[in-house]
Structures are given as C-alpha cells and as structure tokens.
Amino acid sequence: MATDDTDLDAAIICTKGMMSANQTVVTEFALLGLSETWEVQLILFVVFLLLYIGTLFSNILIFSAIFRDQRLSDSPMFFLLGQLAFQDLWLSSFAIPRSLFDYVAKCHVISFDGCMAQIFFVHVFTGSEMLLLVAMAYDRYVAICHPLHYISLMSRHHCIGLVLASWAGGLLHGTVQLCFIINVPFCGPNQVDSFFCDLPLVIKLACTDTYPLEVMMVTNSGILSLVSFVGLLISYGFILYTIRSRGPSEGTTKAASTCTSHLIVVTMYFGPCLFIYLRPSARFMIDKVLCVFYTCVTPLLNPAIYALKNKEMKAAIGSLLARLSGQVSIIFFLEYVCVML
Numbered sequence: 001m002a003t004d005d006t007d008l009d010a011a012i013i014c015t016k017g018m019m020s021a022n023q024t025v026v027t028e029f030a031l032l033g034l035s036e037t038w039e040v041q042l043i044l045f046v047v048f049l050l051l052y053i054g055t056l057f058s059n060i061l062i063f064s065a066i067f068r069d070q071r072l073s074d075s076p077m078f079f080l081l082g083q084l085a086f087q088d089l090w091l092s093s094f095a096i097p098r099s100l101f102d103y104v105a106k107c108h109v110i111s112f113d114g115c116m117a118q119i120f121f122v123h124v125f126t127g128s129e130m131l132l133l134v135a136m137a138y139d140r141y142v143a144i145c146h147p148l149h150y151i152s153l154m155s156r157h158h159c160i161g162l163v164l165a166s167w168a169g170g171l172l173h174g175t176v177q178l179c180f181i182i183n184v185p186f187c188g189p190n191q192v193d194s195f196f197c198d199l200p201l202v203i204k205l206a207c208t209d210t211y212p213l214e215v216m217m218v219t220n221s222g223i224l225s226l227v228s229f230v231g232l233l234i235s236y237g238f239i240l241y242t243i244r245s246r247g248p249s250e251g252t253t254k255a256a257s258t259c260t261s262h263l264i265v266v267t268m269y270f271g272p273c274l275f276i277y278l279r280p281s282a283r284f285m286i287d288k289v290l291c292v293f294y295t296c297v298t299p300l301l302n303p304a305i306y307a308l309k310n311k312e313m314k315a316a317i318g319s320l321l322a323r324l325s326g327q328v329s330i331i332f333f334l335e336y337v338c339v340m341l
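Sequential numbering from 1 applies to the sequence shown in the UniProt record's numbering.
The structure is reproduced here in structure tokens:
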C-alpha cells in the first residue's frame, strides 16, 4: 500500500501544473494507465515493449515481403494486405510508445494538444482500417463471384482508389471526432482512466453536459460502423451464395480459404471497437482490456493470421529473412575483417 500511496501522491504533485492561473482551464491530462502499483507497471512495461517490438517487426516484415516480391505486389489481395500492415504499424505507434514512456516516467501527463492529436490519429487509423477491411472483403467477393473479371475490376488503379478511399474515410472520421471535443471546456478533473487519450473517457471530463457530445460521437462511429458492416455483409453474403450455388471448385476453394483469415481479423477488430464506442455512457473494467486488444494485440496478430494461412506469404517471408540473414552475416564478416586488420 505504501507504493500505491507514493505513486498516487506523485501523480497529484505532477498534476498541480495542469491548470491555468485562474484554475479554470485544463492544459494537461493525467493518464492513469492500467495500474497504480509499481510492480504491475514494471510487468506492463515489459509486456507493452514486447508487443510493440513484435508489432513493428511483423508488420514491417509483411510490408517489405509483399512490396519486395513483384508477383505479390501486383496481386490485389496482397497489395491490400500490405496496406493493412502499414496502417497497423501506425495505429500501434500512436498508442504504445506513449504508454511505454509513462511507465518509466514519474509524471504520467500529456498536454492538451498531445491528447487531441492522439485522439485524432487513433480515430484516423481505426476508421481507415475498418474501411480497408471492407475493401479486402470486396476483393474476395470479386475473386470468387466474378473470377473472369477479377483482373479488370481489381486493377492497380482500382486498388489504389480503394486504399485512398479508406484513408479519406478515416481522415473524415478522425476530423469529425476531433471537432466534437477540440473546443469543449475542461476545468477539472483531468485524470483519464486509461493508458492513452480514449475519446469516451476524455469527453466525461468536460465541464458541460456531455450527453449531446456522446450522441454525436456515437452517431459518427455508428455511421462508419454501419457502412463497414453493410459492406462486409453484402460481400460475404454474395460469397456464400456463390459457393453454395456453384459448388466447390479448385479456384473457388483457394479464394475462399483466404476469407477465413479475413473474417478472424474483422471479428478481432470490429468487436472491441463497437463494444467501446457505441455505448460510451457505461464504462467497465473490460474496456481497458479491449482498448489494449485493438490498439496493441490486433496489429500484432494480423500479420501472423495472414502469414500462417497463406503459402505465398510464408514463402515470401522466408525468402526475405534468408536474404536479411545473409546480409547480416556479410556485415559481421566485414566487421571481423576490419578488426583483424
């Protein structure tokens, strides 16, 4: 208990400078994290560090393997998968590094501008990833339901258009969410019960009636989720209908096998986001776990799910790792020669 009291006192001391001179405007927020116990924080630091290193390594590996292999980069499915790895990389980078810094710092504070920036970018990447998953479902729909027109319907021009549309949707979603809160007055308290600036929790700290804000936030998230869900439902509805009506074939079976990986990723991503952002008025302890899941765990698991289910992806990764290991061996050999000389 002494450790907890010390940590709490330190947090109180750190937050003394968070008000302006008239004590009415919050200029910084305190991120309470996942635990106040120092021993637990040390464990969480190690866990988050390993998660982030794994996320960086796996997503960079997927991205590099795809765009190094001309055959994979020319494939619409793998082109979109590379974009998913790129977005996962940035999503985790706007959540985990800040929490790692807080675990080693005595003052777990973030500036008002930093908090707003974190809210904006997290929603940009979550929104764009939702729409990108819909684009990936559309790709599978075309491959299974219209295989003869797959090359024309999923040309590089069309793929780039789908990616740009997902980014535009994410930017719009993040901008709207930011506009809801950027001019809202904050006069205390200023403690966010999470490891990053989670919008539903920050809104609760506003010195005004938060109900209209929550309704607008849920509406914005609901529209994005509804559009994404309808797109996924239509795509997989046609896929299931086509498979049942035509019967299994070699081409259809191969294309449909990738749908399993995609559905797993969709479930892992949509589930936590919908549970948190479509019911902001009620907060549960499990919300912290779900925030960790969709910002830290899902970006790590996505590459593993796709890589383990696809032979071409495993072969490309193996080739890239072999090449990297060979380059590393050459570098060490040259360094050894230089030392001996």
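A virtual CB, placed ideally from N, CA and C, is assigned to each residue, including glycine.
- A contact is defined here as three or more CB-CB pairs under 8 Å, and the stretch 159-170 meets this definition with respect to the stretch 119-128.
- Closest in alpha carbon position to PHE270, among ASN310, LEU320, VAL104, LEU224, is LEU224.
- In the three-state DSSP reduction, ILE182 falls in the coil class, being neither helix nor strand.
- DSSP places LEU153 inside the alpha helix (DSSP H), whose first and last residues are 150-153.
- For MET216, the CB contacts under 7 Å within the same chain, skipping 5 residues up- and downstream, are PHE180 in chain order.
- Fully enclosed alpha helix (DSSP H) runs of no fewer than 4 residues occupy 70-73, 76-93, 96-104 of the stretch 60-128, in order along the chain.
- With at least 16 other beta carbons inside 10 angstroms of its own, LEU44 counts as buried.
- Under the criterion of beta carbons closer than 8 Å, GLU28 and ILE119 do not qualify as touching, at roughly 15 Å.
- When the beta-carbon positions are compared, ALA137 and LEU72 stay at least 7 Å from each other.
- Only residues of its own chain outside the window of five on either side were considered, and among them ALA206 have a CB closer than 6 Å to the CB of VAL184, listed in chain order.
- The distance from the Cβ of GLY33 to that of SER92 is about 17 Å, inconsistent with a contact at the 8 Å cut-off.
- Rounded to the nearest angstrom, the gap between the Cα atoms of PRO76 and LEU201 is 39 Å.
- In the structure shown, ALA206 falls within a coil segment according to DSSP collapsed to helix, strand and coil.
- Approximately 7 Å separates the beta-carbon atoms of CYS159 and LEU80; this is inside 8 Å, confirming the contact.
- Within its own chain, the residues whose Cβ lies closer than 7 Å to the Cβ of GLN83, once the five positions on either side in sequence are excluded, are LEU132, VAL163, listed in chain order.
- DSSP, read as helix, strand or coil, puts GLU36 in coil.
- Cβ contact annotation for SER261 (same chain, cutoff 6 Å, sequence separation greater than five): ILE305, TYR306, LYS309, in chain order.
- LEU148 and PHE67 have their C-alpha atoms roughly 25 Å apart.
- Of CYS291, PHE121, LEU50, the smallest CA-CA separation from HIS173 is found for PHE121.
- The three-state reading of DSSP puts PHE238 in helix, counting H, G and I together.
- Between VAL192 and LEU31, the C-beta gap is smaller than 7 Å, which places the two residues in contact.
- In the DSSP annotation of this structure, the continuous segment of the beta strand (DSSP E) that includes PHE29 starts and ends at 28-31.
- Taking all protein chains in view, the Cβ of HIS157 is surrounded by fewer than 16 other Cβ atoms within 10 Å, so the residue is classified as exposed.
- Residue state for VAL25 is assigned as coil, using DSSP reduced to three classes.
- When the alpha-carbon of PHE63 is set against those of GLY54, TYR52, PHE78, the nearest one is in PHE78.
- The criterion of a C-beta distance shorter than 7 Å is satisfied by ALA316 and ALA65.
- Between ILE239 and ILE144, the C-beta gap is smaller than 7 Å, which places the two residues in contact.
- Nearest C-alpha to ILE264 among THR298, LEU56, VAL292, ILE182: THR298.
- Linking PHE101 to VAL289 through their CA atoms gives a straight-line distance of about 19 Å.
- With contacts defined by Cβ atoms closer than 7 Å, PRO303 and SER152 do not form a contacting pair.
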